[in-house]
Amino acid sequence: MPGKGNRKRVVVIGGGFAGLNVVKGLDKRLFQIVLIDRHNYHQFQPLYYQVATSGLEPSSIGFAFRKTLRKMGEIHFRMCTALSVDTNVNRLETSIGYIDYDYLIIASGTYTNYMGNKDLEHCTMSLKTLPESINVRNNVLRSFEKAINSHSEAEAESLLSFVIVGGGPTGVELAGALSELRRYTLPKDYNQDKSLSQMKIYLLDTAPRLLGGMSEFSSKKAYKYLQEMGVEIMLNTMVKGYTDGKIELNDGRSIASCNVFWVAGVAGRIFPGLDNDVYGRNNRIKVDGCNRVENSSNLFAIGDVCLMTSDPAYPHGHPQVAQAAIQQGKNLVHNLNKGDQKPFRYTDRGSMATVGRNKAVVEFRKIHFGGFVAWILWLFVHLMAIVGVKNKTFVLLNWGWSYFTHDTSLRLLIRMDNKNADK
Ligand SMILES: Cc1cc2nc3c(=O)[nH]c(=O)nc-3n(C[C@H](O)[C@H](O)[C@H](O)COP(=O)(O)OP(=O)(O)OC[C@H]3O[C@@H](n4cnc5c(N)ncnc54)[C@H](O)[C@@H]3O)c2cc1C
0 MPGKGNRKRV
10 VVIGGGFAGL
20 NVVKGLDKRL
30 FQIVLIDRHN
40 YHQFQPLYYQ
50 VATSGLEPSS
60 IGFAFRKTLR
70 KMGEIHFRMC
80 TALSVDTNVN
90 RLETSIGYID
100 YDYLIIASGT
110 YTNYMGNKDL
120 EHCTMSLKTL
130 PESINVRNNV
140 LRSFEKAINS
150 HSEAEAESLL
160 SFVIVGGGPT
170 GVELAGALSE
180 LRRYTLPKDY
190 NQDKSLSQMK
200 IYLLDTAPRL
210 LGGMSEFSSK
220 KAYKYLQEMG
230 VEIMLNTMVK
240 GYTDGKIELN
250 DGRSIASCNV
260 FWVAGVAGRI
270 FPGLDNDVYG
280 RNNRIKVDGC
290 NRVENSSNLF
300 AIGDVCLMTS
310 DPAYPHGHPQ
320 VAQAAIQQGK
330 NLVHNLNKGD
340 QKPFRYTDRG
350 SMATVGRNKA
360 VVEFRKIHFG
370 GFVAWILWLF
380 VHLMAIVGVK
390 NKTFVLLNWG
400 WSYFTHDTSL
410 RLLIRMDNKN
420 ADK
């Protein structure tokens, strides 16, 4: 790492919504900034499900850090994974060596939480990174190709059964997108193979309603939309495990499926070197009102990974959404740049989820609505949040194309084969 002169070195782990806002806003005259991330690109997670269902190209929602950071002044990016921290000597261990810091900001987000169930971890698909979204897309497309060649009814049924575990926004959006694939795309692509009309989509949740973090109004609307779209919704249903190609449920039933998506929760990951006491619910790192990690002076945690209970309106912690991560990043920038101790207060800018074409739900304070206007608003908000004019244009073009043609154009099954496979 080049010399830092008399500046303090700030090392930021993770270039997600939280980390990116920090490195952008910190005063480069006061701080030497080092951003590390295990990927070389920033990811726009809200649209993973569209990559997974062939609606968008991965490159439209991934942004190379080196290009994004170019316009933000002097920032040193290193692609590596943070492994552990030694708080006694202010040193971070990473997959490429050690980095000394004056301030360490942990903005590493969360990982899929399988609740310790190894079978589910190995046998189900998740949607928490861009590579995982591409993996889902490949598996979905491969299942269709296999199903039309299958001579076994049981095998075809399993290939064409898509089980989504988790009825939050991601589960609802994925179920809606798969249902649209079944309605609009499969009949065109596989018009001689009527068997694909057997495709089934199940959406499971342990809770008594979908979209548990939103209002009763939005839950009911999403339920109605999905039911109309032919999704089988199973509430109050807990998954016990996955054995012999079957999802086993708490009521004794099972569903044979080769395509099980686990979008039922997230958790932080333990960083060796931090005290065990700093971890709260789902391994979120406990922080004070200024995002300082408990019992430390130069360690901070922001975004999904942190748990702050001092904001009076959110005594159980903030929702793990992009706005909370962005706002925490900006508040920390203010405090570090100004040497201030301004406590963080989350401003809720509303929440929304889309179910399919012309169908979405939006909530802003006491105003709740659904349908076409909600859907247009969802499109607009997500389009504006995407980084870069080129990406915005490509996403808009893809959406426009799909809307008017009832078709998606990205159904290539591209995977790393044996390099001799084509010979
Ligand atoms: C499928 C999906 C849909 C979503 N939809 C919405 C939505 O519609 N609206 C909304 O507001 N929110 C949505 N969210 C939540 C939102 O994406 C998160 O709240 C937000 O990304 C949190 O930002 P963050 O910066 O804390 O973490 P992240 O954005 O997760 O960024 C963490 C970064 O840290 C890096 N990293 C992790 N561990 C390490 C390590 N050990 N070493 C180095 N780098 C590391 C990762 O590569 C990543 O770049 C969705 C999330 C998912 C998964």
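Numbering-wise (numbering that gives the first Met the number 0), the sequence shown opens with residue 0 and increments by one.
Just so you know, even glycine gets a beta-carbon here, dropped at the ideal spot from N, CA and C.
None of the values given here were measured: they were computed from a predicted structure.
Item	Value
Is the closest heavy atom of ligand 3 to the C-beta of I60 under 8 Å?	With respect to ligand 3, the structure offers nothing, as its ligand set consists of ligand 1.
Within the chosen definition, does the segment 224–242 reach the segment 193–206 through at least 3 CB pairs nearer than 8 Å?	yes
Helix, strand or coil: how does DSSP classify N258 here?	strand
Do L331 and N258 count as a contact pair if the criterion is CB distance below 9 Å?	no
Identify the continuous alpha helix (DSSP H) that holds M383 and give its terminal residues.	F371 to A384
Taking S454 as the reference, give the member of V265, K3, P168 and E144 with the closest Cα.	Residue coverage of the chain in this structure runs from 0 to 422, which leaves residue 454 outside it and unanswerable.
State the DSSP-derived secondary structure class of S157, mapped to helix, strand or coil.	helix
With a CB to CB cut of under 7 Å and the five nearest residues on each side skipped, what residues in its chain are close to K239?	E247, L248 and N249
So H405 and L46 are in contact, right, with Cβ under 8 Å, and what is the actual spacing, rounded?	That pair is no contact at about 20 Å.
With hydrogens ignored, establish whether the beta-carbon of D303 is closer than 8 Å to any heavy atom of ligand 1.	yes
Counting Cβ pairs, one atom from each stretch, are 3 or more of them under 8 Å apart for the segment 1–18 and the segment 90–105?	yes
Rounded to whole angstroms, what is the Cα-Cα separation between D421 and L412?	Low confidence applies to D421: its pLDDT is 46, below 50, so where it sits in the model is not reliable, and the reading given next is rough at best. D421 and L412: Cα-Cα distance of roughly 15 Å.
Work out the CA separation of T80 and G272 for me, nearest whole Å.	15 Å
If you run the structure through DSSP and keep just helix, strand and coil, what is S151?	coil
Go ahead and pull the three-state DSSP assignment for L331.	helix
Quick one: is the Cβ of A17 within less than 8 Å of any heavy atom of ligand 1?	yes
Is the beta carbon of D36 within less than 8 Å of some heavy atom of ligand 1?	yes
Using a Cβ-Cβ cut-off of 6 Å (strictly less than) and excluding sequence neighbours within five positions of N357, which residues of its own chain qualify?	F371 and W374
Buried or exposed for L19, going by 16 or more other Cβ atoms inside 10 Å?	buried
Report the start-end ranges of each beta strand (DSSP E) in the segment 32–83 that is 3 residues or longer and not cut off at the edges.	40–42, 61–63 and 74–78
Taking only runs that begin and end inside the segment 267–320, name each unbroken beta strand (DSSP E) of 3 or more residues, in chain order.	284–286, 298–300 and 305–307
Counting pairs of beta carbons, one from the segment 299–316 and one from the segment 25–45, are three or more of them closer than 8 Å?	no
Kindly list the residues whose CB is nearer than 7 Å to the CB of R414, restricted to its own chain and excluding five residues on each side of it in sequence; keep chain order.	N137
Which of the three DSSP states is assigned to G175 in this structure?	helix
Below 9 Å between beta carbons: does that hold for T123 and G387?	no
With a 10 Å radius around its C-beta and 16 neighbouring C-beta atoms as the bar for buried, classify N190 as buried or exposed.	exposed
Please return the same chain residues whose Cβ sits closer than 7 Å to the Cβ of G108, not counting the five positions on each side in sequence.	G13, G15, G302, D303 and V304
Distance check for V11 and K425, CA to CA, integer angstroms please.	Not covered by the structure: residue 425. The range shown for the chain is 0 to 422.
Could you give the DSSP three-state label for G96: helix, strand or coil?	strand
Quick one: using the 10 Å Cβ neighbour count with 16 as the cut-off for buried, is R252 buried or exposed?	exposed
With distances taken between CB atoms, is the gap from S94 to R8 smaller than 9 Å?	no
Tell me whether S107 sits in a helix, a strand or coil according to DSSP, three-state version.	coil
If I'm right that L210 touches G166 with Cβ under 8 Å, what's the distance once you round it to whole angstroms?	7 Å
Check whether the Cβ of K341 sits closer than 8 Å to any heavy atom of ligand 1, and report yes or no.	no
Quick test of the definition: if touching needs 3 or more C-beta pairs under 8 Å, does the segment 309–316 touch the segment 172–186?	no
Going by DSSP in three states, K365 sits in which element: helix, strand or coil?	coil
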